[in-house]
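Under the working numbering, the first residue of the sequence shown is numbered 316, with each subsequent residue one higher.
Structure first, commentary second.
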Amino acid sequence: MRQPDYEAFFSNYVAVFNRSLTDGADADAVRASYAEYFVSAGAGGAVMGGANDDRYAEVLRQGAGFYRAVGLQGMRLIKVEVTPIDAAHDMVRPYFHADYKKKNGEALPIEFDVVYMLQRREGGPKIFAVVAGDEMGIYRRYGLVDEEGKPV
């Protein structure tokens with residue numbers, strides 16, 4: 316199977332995400348990017364797995380509310396790096412630029428990357444794993460959340 320156009324895949328992912336900041340989370344559009352089950356790993360050793368179901372849709376809606384509360388105005392894709400694993404799987408590292416507006420009106424640009432594991436499928440690639448950095452640590456450092464992770 317040919318390598319998917321991951322630049323287009325993640326450009327669409329960013330567009331859906333950006334719409335969620337103004338229109339509320341389009342959970343179905345986000346969920347369409349994910350496999351039936353997936354796992355995520357974050358800073359501090361947290362590893363979680365779950366089904367791409369109605370509970371995940373609710374998590375997405377809550378997440379969109381959180382991002383609005385910390386002042387996220389929008390994101391854009393900078394570049395995408397792809398490492399093929401085998402004929403059916405790829406490790407993809409998209410780099411993002413996010414624009415935040417702090418409560419005092421100050422603009423705050425943050426660049427970051429996330430590692431995704433994707434499975435190549437006939438209908439398009441599906442995310443089955445996500446490895447993210449210390450998002451809350453970054454938010455604390457810039458004063459977007461308090462020590463408990465609540466928006467300030």
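Quick reminder that beta carbons are idealized off the backbone N, C-alpha and C, glycines included.
Source: prediction; values computed, not measured.
Taken atom to atom, the span from the alpha-carbon of residue 440 to that of residue 427 is near 22 Å. Taking all protein chains shown into account, residue 442 has 16 or more neighbouring C-beta atoms within 10 Å of its C-beta and is therefore buried. Under the 10 Å beta carbon count, residue 363 is surrounded by fewer than 16 other beta carbons and is classified as exposed. DSSP places residue 371 in the uninterrupted alpha helix (DSSP H) bounded by 369-384. If you draw a straight line from the Cα of residue 367 to the Cα of residue 376, it comes to about 14 Å. Between residue 413 and the set 322, 330, 434, 320, the nearest pair of CA atoms involves 330. The bridge partners DSSP lists for residue 363 are 355. For residue 390, DSSP records a beta bridge to 413.
For the 8 Å CB-CB criterion, residue 418 and residue 467 form a contact. Counting other Cβ atoms within 10 Å of its Cβ, residue 352 stays below 16 and is therefore classed as exposed.
Where residue 428 is concerned, the enclosing beta strand (DSSP E) starts and stops at 422-428. Of the candidates 424, 392, 408, 408 places its Cα closest to the Cα of residue 448.
Between the segment 353-361 and the segment 324-342, the count of Cβ pairs shorter than 8 Å is below three; the stretches do not touch. Excluding five sequence positions before and after residue 348, the CB atoms of its chain that fall closer than 6 Å to its own CB belong to 328, 442, given in chain order. By the neighbour-count criterion, in which 16 or more other beta carbons inside 10 Å mark a residue as buried, residue 405 falls on the buried side. Residue 380 places its beta carbon 8 Å or farther from that of residue 416.
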